[in-house]
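Under the numbering used here, the first residue of the sequence shown is numbered 30, with each subsequent residue one higher.
Every residue, glycine too, gets a C-beta built ideally from N, C-alpha and C.
In what follows, a single structure is set out as structure tokens and then discussed.
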Amino acid sequence: MKRRALLSLVLAMALLVVTAVPAGAANPTVTITVKAQTISITNSQPTWALGTITTSATLYFSADNNEDVDYSTITNTGNVAVDVAFQGTNFTAVDPTYNWNLGASAGDQIVKIAANTEGEPTVYDVLLKAAVEYNDLLTNLTAANTYDWSMKFEGPTAFHATDDGETKTCTITLVASKHIP
């Protein structure tokens with residue numbers, strides 16, 4: 030008899046537990062989906078060979094160094110909208126005495142480089158700055174989109190007599206940052 034009463038009690042409790050859990054609610058799930066933010070750009074023209082120049086030379090970032098607009102293309106290869114800025118180094122020579130500096134206007138041993146304004150392909154008013162200063166080139170370049178651009182070089186107004194024939198180099202760096210509306 031005790032065995033029957035115990036068995037009846039166990040069955041009653043099992044029935045109570047089964048009826049207390051609603052059908053299908055025992056294992057609810059939540060799916061979380063994320064994508065990492067990537068900020069990345071490319072530029073189609075990695076070099077600009079000016080060759081031998083004369084004083085006060087004006088040259089353009091193009092296949093023939095003449096005023097052809099939209100010579101290079103920046104592509105947003107990331108997955109968020111970006112702003113792009115640029116900076117440059119002063120022109121360095123083998124002998125640092127003959128370096129050329131970047132400036133707001135060309136002068137004695139001073140070179141001016143400017144990029145065309147966003148939406149204004151023939152207006153070169155975005156000045157390339159040296160060292161740690163960046164200048165905004167364009168804003169809100171959305172993912173997978175492109176921007177065509179060019180630059181204008183204004184050579185020094187004077188060379189030093191012993192400077193003739195020395196090759197000088199300048200590096201221009203494009204930097205992308207997430208666009209904040």
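With fewer than 16 other Cβ atoms inside 10 Å of its own Cβ, residue 66 counts as exposed. With fewer than 16 other Cβ atoms from the protein chains shown falling within 10 Å of its own Cβ, residue 206 counts as exposed. At a Cβ-Cβ threshold of 8 Å, residue 172 and residue 132 do not count as neighbours. In the three-state DSSP reduction, residue 163 falls in the coil class, being neither helix nor strand.
For residue 183 against residue 140, the beta-carbon gap comes to about 7 Å, under 8 Å, which counts as contact. In this structure, the CA atom of residue 105 is about 33 Å from the CA atom of residue 196. According to DSSP, residue 201 shares a beta bridge with 117. The residue from 135, 116, 117, 62 with its alpha-carbon nearest to that of residue 187 is 135.
In this structure, the straight-line span from the alpha carbon of residue 91 to that of residue 210 is close to 33 Å. The shortest C-alpha to C-alpha distance from residue 189 to any of 76, 158, 122 is the one to 122.
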